[in-house]
Amino acid sequence: MDRAESIRLARLERQVAFLYRHFGLDPALADVFGVPDGLPPEFVAALRRQDLMAAIKLYRQATGASLADAKETVERIARGI
Numbered sequence: 001m002d003r004a005e006s007i008r009l010a011r012l013e014r015q016v017a018f019l020y021r022h023f024g025l026d027p028a029l030a031d032v033f034g035v036p037d038g039l040p041p042e043f044v045a046a047l048r049r050q051d052l053m054a055a056i057k058l059y060r061q062a063t064g065a066s067l068a069d070a071k072e073t074v075e076r077i078a079r080g081i
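Take our numbering: the last position of the sequence shown gets the number 81, and nothing is skipped along the way.
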């Protein structure tokens, strides 16, 4: 990476940090890579609210998983957030 790219990257990182602060978001939420694709945004919102019951329901609706499997998966995902 050359100097110009390093400067550009640092600028972009500052902009992202500003946006997180501006919107009152926790930067750690950017690392929610443990959430499988195809789940609705409401699922992640429920996890952020720590509403596991709603998250389990949404997970089951989206995937067709059993209650036991959904509970286990959602709890595992929630621990990673």
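Virtual Cβ for every residue (Gly too), placed ideally from N, Cα, C.
Source: prediction; values computed, not measured.
- Here V16 is exposed. Its C-beta has fewer than 16 other C-beta atoms within 10 Å.
- Under the three-pair Cβ rule at 8 Å, the region 48 to 60 counts as touching the region 70 to 77.
- A62 is a Cβ neighbour of P40, given a cutoff of 8 Å.
- Secondary structure note for M53: its alpha helix (DSSP H) is the uninterrupted segment L52 to T63.
- The Cβ-Cβ distance between A68 and Y59 does not fall below 8 Å.
- Judged by DSSP secondary structure, S66 falls outside any alpha helix (DSSP H); it is assigned neither H nor E.
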